[in-house]
Amino acid sequence: MPVTSPFVRALTLYATVLAAPLFAQDPSRAADHRVEPQLFVDADRLAADGVLREKHLVLPALRVVIELDRQPGDVTFETSTADDPVADVLASVIRRQGEFADRLDRTLAPELRAGITILFPLEYQYMLAAEVRDAASLRALAAVPGVAYVWKDNVNELHTTQGRTLTGSTAQANLGWTGAGVGVAVIDGRFDLLHVELGGSTTLPNSVIKAGENFSNPGNPIHSQSFNSCYHGTATASIVHRYAPAASLYALVVFPNSFDSVIANAINWCVTNKNGAGGGSPIRVISMSLGGGRYFAPVNSGTLHSACASALANDILCCASSGNDGWTDSMGSPAASSSCISIGASWDANGAPYFPFAPTNCTDSNRQVDERTCYSDTASFLSFYCPSEQVIAAECGGTTFEFGGTSAACPAGAALIAQLLHARPQYVGDRAGVISLFQSTGVSVVGDTSKRRVDLTAAINQAAPYNLRFTSLTTSGVAQQPGATMTITPTVINDGPQGIGTFQVEFFLGTTTTWSQSDIYLGSTSQLFLLAGQSVALPTQVTLPWRVQPQLYYVHAVADRIGTWTEWNEADNTSFAGMIGQAGPCVTKLEYTDPLLKSDANAQLSVTTGGAVHPMVVVPCVDELATLYMIVWGASGTSPGLALTPSVTVPINPDSFTVLGLDALNGAVLQGFLGIFSPQGLAQAAFVLPPSSGLPGTQTHFAALLIGGVDFWQAASNPLGLLLTP
Numbered sequence: 000m001p002v003t004s005p006f007v008r009a010l011t012l013y014a015t016v017l018a019a020p021l022f023a024q025d026p027s028r029a030a031d032h033r034v035e036p037q038l039f040v041d042a043d044r045l046a047a048d049g050v051l052r053e054k055h056l057v058l059p060a061l062r063v064v065i066e067l068d069r070q071p072g073d074v075t076f077e078t079s080t081a082d083d084p085v086a087d088v089l090a091s092v093i094r095r096q097g098e099f100a101d102r103l104d105r106t107l108a109p110e111l112r113a114g115i116t117i118l119f120p121l122e123y124q125y126m127l128a129a130e131v132r133d134a135a136s137l138r139a140l141a142a143v144p145g146v147a148y149v150w151k152d153n154v155n156e157l158h159t160t161q162g163r164t165l166t167g168s169t170a171q172a173n174l175g176w177t178g179a180g181v182g183v184a185v186i187d188g189r190f191d192l193l194h195v196e197l198g199g200s201t202t203l204p205n206s207v208i209k210a211g212e213n214f215s216n217p218g219n220p221i222h223s224q225s226f227n228s229c230y231h232g233t234a235t236a237s238i239v240h241r242y243a244p245a246a247s248l249y250a251l252v253v254f255p256n257s258f259d260s261v262i263a264n265a266i267n268w269c270v271t272n273k274n275g276a277g278g279g280s281p282i283r284v285i286s287m288s289l290g291g292g293r294y295f296a297p298v299n300s301g302t303l304h305s306a307c308a309s310a311l312a313n314d315i316l317c318c319a320s321s322g323n324d325g326w327t328d329s330m331g332s333p334a335a336s337s338s339c340i341s342i343g344a345s346w347d348a349n350g351a352p353y354f355p356f357a358p359t360n361c362t363d364s365n366r367q368v369d370e371r372t373c374y375s376d377t378a379s380f381l382s383f384y385c386p387s388e389q390v391i392a393a394e395c396g397g398t399t400f401e402f403g404g405t406s407a408a409c410p411a412g413a414a415l416i417a418q419l420l421h422a423r424p425q426y427v428g429d430r431a432g433v434i435s436l437f438q439s440t441g442v443s444v445v446g447d448t449s450k451r452r453v454d455l456t457a458a459i460n461q462a463a464p465y466n467l468r469f470t471s472l473t474t475s476g477v478a479q480q481p482g483a484t485m486t487i488t489p490t491v492i493n494d495g496p497q498g499i500g501t502f503q504v505e506f507f508l509g510t511t512t513t514w515s516q517s518d519i520y521l522g523s524t525s526q527l528f529l530l531a532g533q534s535v536a537l538p539t540q541v542t543l544p545w546r547v548q549p550q551l552y553y554v555h556a557v558a559d560r561i562g563t564w565t566e567w568n569e570a571d572n573t574s575f576a577g578m579i580g581q582a583g584p585c586v587t588k589l590e591y592t593d594p595l596l597k598s599d600a601n602a603q604l605s606v607t608t609g610g611a612v613h614p615m616v617v618v619p620c621v622d623e624l625a626t627l628y629m630i631v632w633g634a635s636g637t638s639p640g641l642a643l644t645p646s647v648t649v650p651i652n653p654d655s656f657t658v659l660g661l662d663a664l665n666g667a668v669l670q671g672f673l674g675i676f677s678p679q680g681l682a683q684a685a686f687v688l689p690p691s692s693g694l695p696g697t698q699t700h701f702a703a704l705l706i707g708g709v710d711f712w713q714a715a716s717n718p719l720g721l722l723l724t725p
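Numbering (numbering that gives the first Met the number 0), first residue to last: 0 to 725.
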């Protein structure tokens, strides 16, 4: 479709607005004037064909940009009065986009909301990119309050149809996902190690091949420059290296004596060396462009199945080509193994160069990009497709040549998995997860519409489109007293490819550099939205507990502790900074010591399910040999309290809870509510409420008293709340 000029687009919009009364009798079309008309044409094509072909892409849904209504106070680069308007505009846009995302969830019925996927916000425009399933979802989106217009997200260019670009491999490598930290074993014929694409040296490890072994003729070299023995292995290994240039390669020879047992031994070598060899990365993927037999159902027994199962149990994913027989209901082994990933071939371009070859010798005069190649074996249990024919690959002797068949598709798939594991390491060893991910995000295959061709960009983004990481953590002072107010400032960045919604950063105080959920809980702060690549500083004031001792502590920050967002690296969500605790003043304080509960929080327990909280009495300069403590309980508030002496008033209004507590001191419920202090001036108690206690749901409080000396009542603590809920 030709690109229309801005004038024509504006005229079309104007005409559409004028025509709006025509739809007044149909509420479902009331917002049609807020939709670019071409989108309805595309929606009809999508409904008829199941996919949309936009230039070089095959799309499973309508791609749109949602423009939001501008509200008074919305900042733009034209209206901002800031010296540097970037942060000003960004904050305003984020706020409006966040409000719209919340409104979208509240406004639409679930079945319509499910048809709209927000992909990412535009950073400095009041817009969001989205995918829309059908015309009904499109109309529902346009009718959401706050939507000014829904534009078609046009495809502008694509410069090549080669397999790496087609699958998104090149784009993801440019983003840094090059297979680093992942080892790929290529089980094949011999290899030309002198070829520059395979490291250029027969001494291993070299820059590409880290280790290898000849299982076909044990003790013989893996290197060869004889075409018949090395063309296949050299080509497949070079394809892996081209897709995943930072992956460590392992070269394992099983031809010409390619018995099942020989291949199984090569697989077993990978298990033995799963942590890597020759200084290379751990072996995570095996590529096998080989096979035999014909299987009409998944194989769950046999030599190669057993070997692949062993590899899988050790977090190694076996990949095998489906075969070149042209079968549509079966494939060879090991591809057919239920412990293996089977990879078929699709054309990598319209009219892709192709010369019929055995055993199929098939012809296809209308070769379409993302169409199943006429020779590729497939079956209902095929895992997915990768592009093939004719792939430029390394050739023995230092040159390159055209290489095809499912033999070319398999190493492409193995390398794409290596890139995925680099980007999303949670998929290590997850065969079912990888297949499901590639199937759910891939491009529909012409001639085998139940299967998909790998789209690595979509897979990486769907696998975990977010990643929170701390870039710094500072505190307002190194030395701090108990009870002091301290400002903690974490700076967190979203490394993921999509904006992330509301998340929490929580703060803890521990005695080691490793954070633990049982560390002292200091509090939290929330961030509403964080764009892809955006970082934000979150200064937060916290109050240090009174039980802090004169020693070295570590302040820990933890982002998204409860896992609201699935991140591609959950291991970098913490940071710490050192802090020295100082001696505290002479006070009488009561605070909680429970995990994930602030020391001065209003705790909650259910009278139905029961539970426990742990109040602690803190008196740093107490004479522990001459002083007792007692914790009292009440449910009638804290003011005016009970005056015990002119200088000591306990902040509890006595009632039946107080009597009940005094009668049950140091019993099964009020454990340690009367006792002595440790030399540090600490006294730990526990309130253990049994299930179905019969107590009413109400707000209660604890307070501590010091007993001893001439005046008997020495001091009273602060009140500490406990809400009893049904």
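We put the CB at the ideal spot given by N, CA and C, even for glycine.
Span of the alpha helix (DSSP H), counted from its first residue to its last, around Glu110: Pro109 to Arg112
Status (buried if at least 16 other CB within 10 Å, exposed otherwise) for Cys620: Exposed, by the Cβ-count rule.
Minimum C-alpha distance to Ser215 - residue among His231, Gly198 and Ala265: Ala265
Beta carbon of Asn267 nearer than 8 Å to that of Ser300: no
6 Å Cβ shell around Ile499 - same chain, five flanking residues per side excluded: Tyr465, Asn493, Leu529 and Trp564
Ala306, DSSP secondary structure in three states: helix
Cβ shell of Phe502 (< 8 Å), same chain only, five flanking positions each side left out: Excluding sequence neighbours, Phe502 sits near Leu467, Ser525, Gln526, Leu529, Ala558, Asp559, Thr563 and Trp564.
Burial state of Phe258, where buried means 16 or more other Cβ atoms lie within 10 Å: exposed
Residue range of the unbroken alpha helix (DSSP H) whose run includes Val491: Looking at the DSSP string, Val491 is not in any alpha helix (DSSP H); the run it does join, the beta strand (DSSP E), is Thr484 to Asn493.
Coil, strand or helix - His55 by DSSP: Note that His55 scores 48 on pLDDT, short of 50, meaning its location in the model is unreliable; the coordinates nonetheless yield the value given after this. Three-state result, His55: coil.
Cα-Cα separation between Gly350 and Ala392, rounded to whole angstroms: 19 Å
Candidates Ser379, Val433, Thr470 and Gln480, of which the one nearest Gln461 by Cα: Val433
Leu203 versus Gly277 - alpha carbon distance: Their backbone Cα atoms lie some 7 Å apart in a straight line.
Cβ shell of Phe6 (< 7 Å), same chain only, five flanking positions each side left out: Reliability fails at Phe6, whose pLDDT of 30 lies under 50, so the model's placement of it is uncertain and the value that follows must be treated cautiously. Excluding sequence neighbours, Phe6 sits near nothing in its chain.
Per-residue DSSP class, three states only, for Phe729: With the chain covering 0 to 725 only, the question about residue 729 has no answer from this structure.
Cα-Cα separation, Thr398 to Val195: Whole-angstrom Cα-Cα distance: 9 Å.
Val149 - partner residues in DSSP beta bridges: Val34 and Ile65
Exposure label - Ala625; buried when at least 16 CB within 10 Å: exposed
N- and C-terminal bounds of the alpha helix (DSSP H) containing Ala270: Checking the displayed sequence, the identity of residue 270 turns out to be Val instead of Ala. Here the alpha helix (DSSP H) through Val270 covers Asp259 to Thr271.
Exposed unless 16 or more other CB atoms sit within 10 angstroms - verdict on Thr724: exposed
Sub-8 Å separation of Val541 and Met485 beta-carbons: yes
CA nearest to the CA of Leu681, picked from Ala667, Val616 and Phe672: Val616
Residues of its chain near Gly412, where Cβ-Cβ distance is below 6 Å and the 5 sequence neighbours each way are ignored: Cys318, Ile342 and Cys385.
Sub-8 Å separation of Ile186 and Ile285 beta-carbons: yes
Interface flag, Leu455 vs chain D, CB-CB below 8 Å: Absence of chain D from the displayed structure is noted, only one protein chain being present.
Environment of Arg452 [buried if 16+ CB atoms lie within 10 Å]: buried
Three or more C-beta pairs below 8 Å linking the region 42-50 and the region 145-153: no
Per DSSP, the bridge partner or partners of Arg468: Secondary-structure assignment with DSSP links Arg468 through a beta bridge to Ile492.
Residue from Ile487, Gly532, Thr106 and Thr473 with nearest C-alpha to Gly495: Gly532
Leu303, buried or exposed, once every other Cβ within 10 Å from all chains shown has been counted against 16: buried
Span of the beta strand (DSSP E), counted from its first residue to its last, around Ser574: Following the DSSP letters along the chain, one finds Ser574 inside the beta strand (DSSP E) bounded by residues Thr573 to Gly580.
Residue nearest to Pro59 in terms of C-alpha spacing, selected from Asp622, Lys273, Thr235 and Ile115: Ranking the options by Cα distance to Pro59, first place goes to Ile115.
C-alpha gap between Thr15 and Lys151, whole angstroms: For Thr15, the predicted structure reports a pLDDT of 35, less than 50, and the residue's modelled location is therefore unreliable. The matter cannot be settled from this model.
Arg293 in three-state terms, based on DSSP: strand
Three-state secondary structure assigned by DSSP to Leu705: strand
Close Cβ partners of Cys361 (< 7 Å) along its chain, the five nearest in sequence each way excluded: Gly325, Pro355, Cys373 and Tyr374
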